[in-house]
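At position 327 of the sequence shown the residue is numbered 327 (UniProt numbering), and the sequence of numbers has no breaks.
Glycine included, each C-beta is placed from N, C-alpha and C at the ideal position.
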Amino acid sequence: RYAVLVKGEWGVGKTHLIKNILKDDQKFYVSLFGLTTIQEVHSAVFVKMYPNRSRLKKILNWFGSSSMKANDVTLALGPLVGNIANALIKEKVDNSKTIVFDDLERCSINLEDLFGAINKYVEHHGCKVIVIAHDDKLNDELTDKKEKIFGQVIKVTPDIEGAFNQFISKSKAPIAFEAIKDIIYKSFLASECKSLRILDYMINDCARLLSCIPDKLYNNKRLLSEIFVLFTALNINYRLGKLKAKEIESRNSVLYYVKKDTNADDIYDEIKENYKNHEVPLRLESDLLSNEVLIDTIVNGLYDKDKITKSIDNSRHFIKPESKGPWFTILNFDLYPTTDVDNALEELYKQFEEMQIIENGEIQHSINLLFMLSEAKHIDKTIDDIYLFFLEYVRKLQKNNKFPPADLFTEYEPIRDSAYGYGYWINDSYKHYSSKLNKILAQQQQIALRKRYPQFLADLRNNLKEDTAKFCEQISRNGLKDINIYGYIAILSSFKPHEFVDMWLSIDMTNWHNVRTALVNRYSGGSLHGDLTDEGPWLKFVKMNIRHRASKASGIDKLRISRLLIGL
């Protein structure tokens, strides 16, 4: 007697196949997922064989009131549970139906022990047993043991074409799929994915994306191919766990399409190789779908038609170069004659001279492209010259108060290796300088922000006196960008501690604790060890001042003031 092993890759339809062949009245289906002991396996089988509560009660009525849990069913057992109950559960076996054990590789029980338990059902109880497993996940050292238990091994290979056509026909818009059906089918084959489950998910995601595509793309087979091959390639590999969100965010940065002089292997190399071998054109650097749109759709499941349309309209296929600035023409030098690139370079120098380039992303694109042109010997400047030019330009912007300030709302770190949907052109020969650009620009933005602190402080002073509720909202940290505008910068340390306490105690007494609550909110979550570090010493002096005020008062006045320290 032997068991049958049904193996195959994750998602190829192993369980679906067995459930179609064996109807419910022909099998006992037992998932091993999450089981940790052999006893739990026997209990799970027992419950499947005797699901009727009256039969369970008849079998177990002599055990009393204790209980034992097997999967989602609790068996009522008594004080004699132990060896007697275990023996009953192991030996009371119904061999009239096939036992199907699923999820073998997702069970944490020692496989040799588990195989022994399965073998007992086969040899001792005469049961027909089928085991479903992702065989590649099984330990190689158990191959001999496995072969003694399983007399037949069936490998399930997916009918991708049949499943694809079935999933398309069941989709919400099977007719609309005609425009991209061949594109996404070839892309799935090129991905080397064998999971029908992922194929189904991918088709549903493509249907959602298709509903957001502007009409002008429908008759352009080349652009439809570019957008859906990119989308499906990233979608599939994200679902397979090979890609993470941060890798999708950096897919079009030069980290991936310029570093070929290094021998670094990464998932993008594997993806591109697979698609190349299947002769499916994949443009990982395509800007039809921005990184933000790809994260929204693939990772978060959000399909914003307006945002997707805007991304397509802003791509290099539709946008006019002059609307992006000279750096855009230089970045896309493959698409323009050298005269156009040189004209863009001349315009870039002019904009630097007139201090028109002020945004972080535009500066980094421009300087990195100058680095690239220097390396290519296209301009008569060394990389060191360009870096010194950058430092002088930053100094000039700051001196003339043209530097844009840092964002007041700094709870989330922005992506640092791309801007406007395009990765910075960074080569190994100057990446040590490139890595400094963002840090220097961030520091200068903070300086520009601090120049505005007197203005912010005046606003806070006024609101603390005249509109305390607004003051409390402004200094709180609830993630509301338009309301908690001062919640993420260390502006309160600009108050003199005694002055702040004076103003606090001068407002209507009914608002005292509203201010305290806002301060407690502000300093919870470790903010004093993060972006509000500079307010740590200030807060200590504020609390010291409150204690001093309380010590000068008496009775209920003293208690009232001292209670302002609760939670601070």
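In the DSSP assignment, the beta strand (DSSP E) including residue i goes from what residue to what residue?
{"i": "PHE150", "result": "150-155"}
{"i": "ILE132", "result": "129-133"}
{"i": "LEU5", "result": "3-7"}
{"i": "PHE28", "result": "27-31"}
Going by beta carbon distance, what residues of the same chain come within less than 6 Å of residue i, once the five residues before and after it are set aside?
{"i": "LEU5", "result": "VAL131, PHE150 and VAL153"}
{"i": "PHE541", "result": "PRO497"}
{"i": "LYS194", "result": "GLU9, VAL12 and PRO158"}
{"i": "THR510", "result": "none"}
{"i": "PHE177", "result": "ILE168"}
{"i": "LYS381", "result": "SER374"}
{"i": "GLU161", "result": "none"}
{"i": "SER211", "result": "none"}
{"i": "LYS148", "result": "none"}
Which residues bound the alpha helix (DSSP H) around residue i?
{"i": "LYS350", "result": "338-353"}
{"i": "LEU17", "result": "14-21"}
{"i": "THR533", "result": "Element bounds for THR533: n/a, residue is neither H nor E."}
{"i": "ILE556", "result": "555-562"}
{"i": "THR98", "result": "Segment 98-102 is the beta strand (DSSP E) holding THR98; no alpha helix (DSSP H) there."}
{"i": "VAL520", "result": "512-523"}
{"i": "GLN388", "result": "As written in the sequence, residue 388 is Leu, which differs from the Gln given in the question. LEU388 -> alpha helix (DSSP H) spans 383-399."}
{"i": "SER504", "result": "The identity of residue 504 in the sequence shown is Trp, whereas the question assumes Ser. 497-506 is the extent of the alpha helix (DSSP H) around TRP504."}
{"i": "CYS472", "result": "468-475"}
{"i": "residue 572", "result": "The requested residue 572 does not occur in the structure, where the chain is confined to residues 1 to 568."}
{"i": "MET372", "result": "360-375"}
{"i": "ARG316", "result": "Looking at the DSSP string, ARG316 is not in any alpha helix (DSSP H), and its letter there is neither H nor E."}
{"i": "ARG197", "result": "196-210"}
{"i": "VAL41", "result": "38-49"}
{"i": "HIS278", "result": "Here HIS278 belongs to no alpha helix (DSSP H), and DSSP marks it neither H nor E."}
{"i": "SER225", "result": "221-239"}
{"i": "TRP327", "result": "326-331"}
{"i": "ALA179", "result": "Per DSSP, ALA179 belongs to no alpha helix (DSSP H) and is neither H nor E."}
{"i": "TYR433", "result": "431-450"}
State yes or no: is the C-beta of residue i nearer than 6 Å to some heavy atom of the ligand GTP?
{"i": "LEU397", "result": "The ligand GTP is absent from the structure shown, which contains no ligand whatsoever."}
Could you tell me whether the Cβ of residue i comes closer than 7 Å to any Cβ of chain C?
{"i": "GLY11", "result": "Absence of chain C from the displayed structure is noted, only one protein chain being present."}
Our contact map puts residue i next to residue j with C-beta atoms below 8 Å; I'd like the distance itself, whole angstroms only.
{"i": "ILE248", "j": "ASN291", "result": "7 Å"}
{"i": "LYS272", "j": "LEU282", "result": "6 Å"}
{"i": "ALA190", "j": "HIS278", "result": "4 Å"}
{"i": "LEU565", "j": "ILE546", "result": "6 Å"}
{"i": "LEU234", "j": "LEU294", "result": "6 Å"}
{"i": "ALA518", "j": "ILE556", "result": "About 24 Å; that fails the 8 Å criterion."}
{"i": "VAL122", "j": "ALA3", "result": "5 Å"}
{"i": "ARG239", "j": "TYR201", "result": "6 Å"}
{"i": "ILE426", "j": "ASN368", "result": "6 Å"}
{"i": "ALA117", "j": "ILE21", "result": "About 24 Å; that fails the 8 Å criterion."}
{"i": "LEU284", "j": "TYR303", "result": "Between TYR303 and LEU284 the Cβ distance is about 21 Å, and since that is not below 8 Å, they are no contact."}
{"i": "THR297", "j": "LEU230", "result": "Actually they do not touch by this definition, with Cβ atoms about 11 Å apart."}
{"i": "CYS127", "j": "ASN95", "result": "5 Å"}
Quick one, are the C-beta atoms of residue i and residue j less than 7 Å apart?
{"i": "GLU375", "j": "SER429", "result": "yes"}
{"i": "CYS356", "j": "TYR424", "result": "Contrary to the premise, residue 356 reads as Gln rather than Cys in this sequence. The answer is no: Cβ separation not under 7 Å."}
{"i": "PHE33", "j": "ARG106", "result": "yes"}
{"i": "SER187", "j": "THR157", "result": "no"}
{"i": "LYS97", "j": "LYS181", "result": "no"}
{"i": "ASP417", "j": "SER250", "result": "yes"}
{"i": "TYR349", "j": "TYR387", "result": "no"}
{"i": "ILE18", "j": "VAL100", "result": "yes"}
{"i": "ASP534", "j": "SER493", "result": "yes"}
{"i": "residue 582", "j": "SER171", "result": "In the structure as shown, the chain starts at 1 and stops at 568, and residue 582 therefore has no counterpart that could be examined."}
{"i": "SER108", "j": "THR36", "result": "yes"}
{"i": "SER89", "j": "HIS42", "result": "Note on identity: in this sequence residue 89 is Ile, with Ser being the wrong assignment. Result yes, Cβ atoms of ILE89 and HIS42 sit closer than 7 Å."}
{"i": "PHE409", "j": "TYR488", "result": "yes"}
{"i": "ASP102", "j": "SER31", "result": "yes"}
I'd like the list of long-range same chain contacts for residue i, defined as Cβ closer than 7 Å, with 5 residues on each side in sequence excluded.
{"i": "GLY13", "result": "VAL156, PRO158 and LEU196"}
{"i": "ASN274", "result": "ALA190, SER191 and GLU192"}
{"i": "VAL520", "result": "GLY567 and LEU568"}
{"i": "GLY325", "result": "GLU362"}
{"i": "LYS470", "result": "ASN463"}
{"i": "ALA553", "result": "ILE561"}
With a threshold of 8 Å on Cβ separation, who are the neighbours of residue i within its own chain once the five nearest residues in sequence on each side are excluded?
{"i": "GLY82", "result": "The predicted model places GLY82 with a pLDDT of 48, which falls under 50 and marks its position as unreliable; any figure quoted below should be read in that light. Nothing meets the Cβ criterion."}
{"i": "LEU528", "result": "GLU535, GLY536 and LEU539"}
{"i": "ILE312", "result": "ILE213, PRO214, LEU217, ILE227, LEU288, LEU289 and PHE318"}
{"i": "LEU223", "result": "LEU217, LEU288 and HIS317"}
{"i": "THR468", "result": "ILE507, ASP508, ASN511, ASN514 and VAL515"}
{"i": "ASN484", "result": "PHE409, GLU473, GLN474, ILE475, SER476, ARG477 and ASN478"}
Handout entry: At least three beta-carbon pairs within less than 8 Å, the region 398-407 to the region 434-451
Key = yes
Handout entry: Stretch pair the region 379-398 + the region 325-343: three plus CB contacts closer than 8 Å
Key = no
Practice task
Decide if the region 316-326 is in contact with the region 453-470; the criterion is three or more beta carbon pairs, one per stretch, under 8 Å apart.
Solution key: no
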